[in-house]
Every structure is written in C-alpha cells, then in structure tokens.
Amino acid sequence: MLYKNTLVYLMVAICFTQEQFNDEDCGVKKGCVFAPKDCTSDGSCLINFTYRMVGSKLEMEISGKVTNKEEYAVVGLSKDESMGNDLLICCINSGKKVFASLAMHRARKRTEFLDPKGLEVIKAHSKDDRLYCKIRQTRAKFENQSFSLSEPYYILLAVGSYRNNTFQYHTRWNSYIMPKVSLREFGEEGSAPLSFIRSISVPNPSSHFSYVTEYYNTIHRFDLPNYTEVSEEEQGAVLEVNMTTKTEKAAQTASNAIMLIIVMATTVFQYSM
C-alpha cells in the first residue's frame with residue numbers, strides 16, 4: 001500500500017514538473033525570448049516566449065505574469081516594428097478557463113480568432129501569478145495566413161486584461177518589440193540536424209527597452225527529438241528517415257572499403273609482375 005501511494009505521488013510530481021516553464025534548454029534545443037531587461041528566468045520575467053521545430057510543426061511556449069483571473073499573454077509575429085496585420089499566438093485566462101489560440105490582428109480592426117483546426121494544445125493552465133501555454137501548429141497554418149516560417153519576424157510581446165471576450169489595450173510598460181528571429185532556427189525539421197546554434201533575447205533598441213544577450217555555439221547535434229513530446233506518426237517518420245540515413249551511410253562505407261581493397265589488390269598485382 002505504501003509503495004502504491006509513493007508511486008502515485010511520484011507520478012503527480014512528474015506531471016506537475018512537466019507543466020512548468022523550463023529555461024534550461026534555451027539556446028540549445030529551443031530559442032527563447034525574455035522580457036523585460038535583465039530578466040533571465042520565468043519567475044522574474046513579465047513574459048517569456050520559446051520556439052522550436054518538431055517535425056513539420058512549430059512548438060511554442062508562452063508564460064506571462066498576471067495579476068487577476070482575466071488576463072492574456074500574447075506573442076505577435078510581425079513583418080515590421082509596429083502593430084497591425086500581425087499573427088498572434090495567444091494564451092488566455094477568461095476567468096472560466098485557460099485556453100490557447102491563434103489570431104490575426106488586422107490594421108484598425110478587432111482581433112480575429114482563427115479556426116483552431118490543427119492546433120495542438122499540450123498545456124494550458126494558470127498557477128499562482130503565472131499564465132502558461134504550450135502548443136504546436138503546422139507550418140501550413142502559418143503559410144495560409146501569409147506567414148511563411150522560412151522568413152524571420154519581429155516578435156511582439158504583451159500582457160493585459162481580457163474582459164467580455166475582448167483583448168483590452170496594453171500600455172508600453174507591459175509590451176515589448178523584439179528584433180527579428182527565425183522560428184526554424186531550433187529543433188529538428190524532419191531529420192535535418194542543426195549545426196549552428198544561436199540564442200538571442202533582444203528588445204528593439206529604438207523602443208523604451210534595451211537588453212541584449214546573444215551567444216553563438218558551433219556544436220553539432222544528431223540526436224533524435226524527445227519522443228515523449230511528439231506523436232507516434234511523427235516518431236515513425238523521423239525514425240524512418242534517420243534509419244534510412246544510417247543505412248545509406250553504412251552502404252557507402254562498405255562500398256568505399258571494397259573500392260580500397262580493389263585498388264590495393266591491383267597495386268600489389270602490378271608490382272608482382
């Protein structure tokens with residue numbers, strides 16, 4: 001009985017840990033954007049955003065500091081440094097539930113929520129003073145809104161009130177404009193490994209904020225993605241591609257060895273003549 005209770009508590013603890021924002025993989029397995037200045041961890045940040053590719057999907061985390069039960073934390077993908085015609089990744093506490101969604105912020109129009117088809121919500125919860133969402137969306141969904149993941153985008157960050165199913169206006173004190181980043185820069189797309197890792201967390205120098213943390217690392221990564229966070233279909237696809245790659249490499253190595261033996265044998269035969 002004691003063993004069973006211990007096992008249950010352990011499982012609950014593991015699940016609880018997985019729900020929290022983790023910045024240990026920043027700059028290695030995922031790109032991270034923190035705000036405001038000098039913010040380096042979830043507890044001291046007003047808002048965090050992480051991104052990485054998992055197969056053909058973009059995985060994103062949003063974590064925002066809130067003061068009441070009806071607030072939002074939003075990340076905008078923008079083609080310029082101003083609001084308008086931006087694609088929004090939303091983490092919202094409506095007071096009744098916490099949910100994630102994609103939306104479009106049209107110029108001089110109300111924000112329009114997009115069809116949630118294809119949106120995979122992994123986690124969405126509010127605890128203490130933190131609002132947290134972890135989602136995945138296919139590349140096609142972004143491209144359908146004219147936001148190709150092949151292009152870099154400015155990152156707009158904001159937190160604010162959400163009342164009567166409407167985003168309330170946020171001030172410059174709880175919103176940030178970050179320089180362009182490539183959302184495909186981290187993670188694995190198919191089986192292609194990343195050989196150049198970059199971590200950047202930079203607000204726009206022309207705004208009221210100035211924070212630059214950038215470092216480069218030339219390490220090679222050939223490991224498969226974490227299978228606990230991808231679907232069985234994606235696991236099979238990635239594994240199949242990697243196994244095919246390994247088989248091709250083995251065949252090429254064997255072929256090279258055979259050619260070397262033939263050349264050596266030919267050389268020995270010529271000298272023996």
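Here this note's numbering is used: the first residue of the sequence shown is 1, the next is one more, and so on. Don't be surprised by glycine CBs; every beta carbon is placed ideally from N, CA and C.
Item                                                                                             : Value
Reference R106; option with closest CA among D128, Q145, F49 and S44                             : Q145
Backbone CA spacing between G84 and Y162 [nearest angstrom]                                      : 19 Å
Terminal residues of the beta strand (DSSP E) in which F34 lies                                  : G31 to A35
Nearest neighbour of M60, chosen from E143, N22, S94 and S82 [CA to CA]                          : N22
Contacting residues, own chain, Cβ-Cβ under 8 Å from S94 (five flanking each side not counted)   : E70, Y162 and N165
DSSP bridge partner residues for D86 (one or two, in chain order)                                : H105
Residue interval of the alpha helix (DSSP H) (run including K141)                                : R139 to N144
Whether T138 touches S44 by CB criterion (9 Å)                                                   : no
Separation of E188 from Y169, as counted between CA atoms                                        : 37 Å
Bridge partner(s) assigned by DSSP for Y176                                                      : L157
Buried or exposed (CB count within 10 angstroms, at least 16 for buried), A302                   : This structure does not reach residue 302, given that the chain is present from 1 up to 273, and the question cannot be answered.
Rounded Cβ spacing between I135 and A100 (contact assumed at less than 8 Å)                      : 5 Å
Same chain, Cβ closer than 8 Å to D80, neighbours up to 5 away in sequence not counted           : Y154
Closest residue to Y51 among F147, V33 and V66 (Cα-Cα distance)                                  : V33
S78 beta carbon less than 9 Å from that of V98                                                   : no
Proximal residues to C133 (C-beta, below 6 Å), its chain only, five neighbours per side dropped  : I62, C91, A100 and A124
Closest by C-alpha distance to T67, when choosing among N174, G31 and L119                       : N174
Residues near F167 by beta carbon distance below 7 Å, same chain, minus five either side         : Y72, T111 and G160
Residue environment, K30, which counts as buried when at least 16 other CB atoms sit within 10 Å : buried
Rounded separation between L156 and L58 - CA only                                                : 17 Å
Coarse secondary structure for V66, derived from DSSP in three states                            : coil
Three-state secondary structure (DSSP) of N164                                                   : coil
Candidates M53, K65 and V28, of which the one nearest C39 by Cα                                  : K65
Short Cβ contact (9 Å threshold) for F49 with V75                                                : yes
C-alpha gap between V181 and K96, whole angstroms                                                : 34 Å
Where the beta strand (DSSP E) through K123 begins and ends                                      : E120 to K127
Three-way DSSP call (helix, strand, coil) for T245 in this model                                 : Any reading at T245 must be qualified, since the residue scores a pLDDT of 42, below 50, and its modelled position is unreliable; the value itself is stated next. DSSP places T245 in helix when its eight states are reduced to three.
T6, DSSP secondary structure in three states                                                     : Reliability of the predicted coordinates at T6 is poor, the pLDDT of 35 falling under 50, and no value is obtained from them.
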